[in-house]
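Enquirer: Position one of the sequence shown corresponds to residue -14 (the numbering used here), numbered consecutively onward.
Positions of the beta carbon are idealized from the N, C-alpha and C atoms, including for glycine.
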Amino acid sequence: MAMRRYEVAQRSMVPNLRPGQEVVATDSRPAQIGDVVVFEHPHRPGFWMIKRMAESPAELAGDQAWVLSDNPAETRADSRTLGPLPRAALLPVVERLDAETFAEASLLLADEDESLAAVVAAHGVPRFWSRRPGFATLVWLIMEQQVSLESGVAMYRRLAALTGQVTPGSVAAAGENGLRSIGVTRQKTGYLLDLAGLILGGELDLEETGSLPDDEARSRLLAVRGIGPWTADVYLLSALRYPDVFPVGDRALQVGMAEVLGLETIPDPEEMIILARPWRPVRAAAARLIWHAYLSSRGRVEPPDPLAAHDDGPSA
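(1) List the endpoints of the continuous beta strand (DSSP E) containing TYR227.
(2) Can you tell which of SER13, ALA16, MET34 has its C-alpha closest to the C-alpha of VAL23?
(3) Can you list, in chain order, the residues of its chain whose CB lies under 6 angstroms from that of ALA181, leaving out five sequence neighbours each side?
(4) Alpha carbon to alpha carbon, how far is ASP96 from TYR141?
(5) Which one or two residues does DSSP pair with ILE35 in a beta bridge?
(6) Which residues bound the beta strand (DSSP E) around THR194?
(7) Once DSSP output is grouped into helix, strand and coil, what is the label at GLU(-8)?
(8) Can you have a look at PHE32 and say buried or exposed, based on whether 16 or more other CB atoms are within 10 angstroms of its CB?
(9) Within the same chain, show all residues whose beta-carbon is closer than 8 angstroms to that of THR122, passing over the 5 residues directly before and after it, in chain order.
(10) Please tell me whether, using a cut-off of 7 angstroms, the distance from the CB of SER64 to the nearest non-hydrogen atom of the ligand PLP is below it.
(11) Between which residues of its own chain and LEU53 is the CB-CB distance below 8 angstroms, once the five residues before and five after are set aside?
(12) CA-CA distance, GLY5 and GLN130?
(13) Which residues in the same chain have their Cβ closer than 6 angstroms to the Cβ of PRO0, if we skip the five residues on either side of it in sequence?
(14) Can you name the start and end residues of the beta strand (DSSP E) that THR11 belongs to?
(15) Here's the rule: buried if 16 or more other CB atoms are within 10 angstroms of the residue's CB, otherwise exposed. What is GLU7?
(16) Determine the burial state of LEU75: buried for a count of at least 16 other Cβ atoms within 10 Å of its Cβ, exposed for fewer.
(17) Measure the alpha-carbon distance for MET257 versus GLY47 and round it to whole angstroms.
(18) Grab me the residues of ILE251's own chain with a C-beta within less than 7 angstroms of its C-beta, minus the 5 sequence neighbours each way, in chain order.
(19) Taking GLY284 as the reference, which of HIS108, ALA(-6), VAL21 has the closest Cα?
(20) Restricting to Cα atoms, I'd like to know which of ALA237, GLY160, PRO42, GLY168 is closest to ASP253.
(21) Compare the beta carbon distance of ARG262 and LEU82 with 8 angstroms and say whether it is the shorter of the two.
(22) Where does LEU177 fall in DSSP's three states?
(23) Is it right to say ARG210 is buried, meaning 16 or more other beta carbons lie within 10 angstroms of its own, or is it exposed?
Right, here's the structure in full:
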């Protein structure tokens, strides 16, 4: 099976999952305690349920597991009435992409969408690249705003040379004069100092932000001056690896989407949201495929990561 879609039907997983929301689950890895899981009702063939694998109230055999609703007052249709379930029957819901699940999502999309199938046929499934979560990556993305990727990388490297290590403390210590001396614009200097100040003052915790659902994490980032929709979405996609982020403000994605879908005009963000609906809940995988087609057709690749962030497996 690898990866398959499921739709949430009941309110048993509110607030984490809502009725009508789609998820994808995989059989390529075992479920762990804390995972949201999908499984077939043990007494109703063809009826699938979504719960969370939890610590059992008593010791279970190694091949058994305990599942509970996130909203236990809504229903008792979990291990409280069903009892323990075979561990092998639980399929973990994909909440963050990695090399393996990205490849699975790409093949799922290619199986459903002729345009994305053509991308995979022409260019293959790209290697999965990621960025290191945290302050330095947000600084890099701010540097990339409204300039080429190459210019953003060059500016980030100048900052790293100035500070030794790009941290909230080192950026704050460089101050306005230091940042302006290496060519950072006055506007971006203000953004970087504000971001550093929020983290140093404890008003923004990026580690905590990374543990939130994607919409909550996005809202928290957008509250920071200098972090707009593009910066927030690319950070959520590349550093936090949420599976359903689609950065509609990215110009390469806009142009690439027009090319991949054979559109006569470049879609605006509202049109992109509509066109990308069939790719939910793995729109981040679709975005990566479109970027891959865009770059490959121009003989280009993703610029090197100045943070030397790890790459998780087979990319653009």
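Expert: Walking through what the data contain:
(1) Premise fails: TYR227 is in no beta strand (DSSP E) and is neither H nor E.
(2) Checking every option, the nearest Cα to that of VAL23 belongs to MET34.
(3) The residues are PRO153, VAL156, ALA157.
(4) If I take the Cα positions, the gap works out to 39 angstroms.
(5) BP columns for ILE35 point to VAL23.
(6) Run containing THR194: none in the beta strand (DSSP E); it sits in the alpha helix (DSSP H), 191 to 194.
(7) In the structure shown, GLU(-8) sits in a strand (DSSP, three-state: E or B).
(8) Counting C-beta atoms within 10 angstroms of its own C-beta, PHE32 has fewer than 16 neighbours from the protein chains shown and is therefore classed as exposed.
(9) Close CB contacts of THR122 within its chain, under the 8 angstroms cut and outside five residues either way in sequence, are with ARG116, TYR220, SER223, ALA224, LEU292, ALA294 (chain order).
(10) The ligand PLP is not among the ligands present in this structure, which contains no ligands whatsoever.
(11) For LEU53, where only same-chain residues beyond five positions count, the Cβ hits under 8 angstroms are LYS36, ARG37, ALA39, ASP63, SER64, ARG65.
(12) Near 35 angstroms, if we compare the C-alpha coordinates of GLN130 and GLY5.
(13) Excluding positions up to five away in sequence, the list is empty.
(14) Membership of THR11 in the beta strand (DSSP E) is indicated by the continuous run 7 to 11.
(15) With fewer than 16 other Cβ atoms inside 10 Å of its own Cβ, GLU7 counts as exposed.
(16) LEU75 is buried by the Cβ-count criterion.
(17) Those two C-alpha atoms are separated by around 47 angstroms.
(18) If you ignore the 5 residues before and after ILE251, its C-beta comes within less than 7 angstroms of the C-beta of GLN239, VAL240, ALA243, all in its own chain and listed in chain order.
(19) Comparing Cα positions, the closest option is HIS108.
(20) Across the set ALA237, GLY160, PRO42, GLY168, the C-alpha of ALA237 shows the shortest separation from the C-alpha of ASP253.
(21) Cβ atoms of ARG262 and LEU82: not closer than 8 angstroms.
(22) Helix, per DSSP.
(23) Exposed: under 16 other Cβ atoms inside 10 Å.
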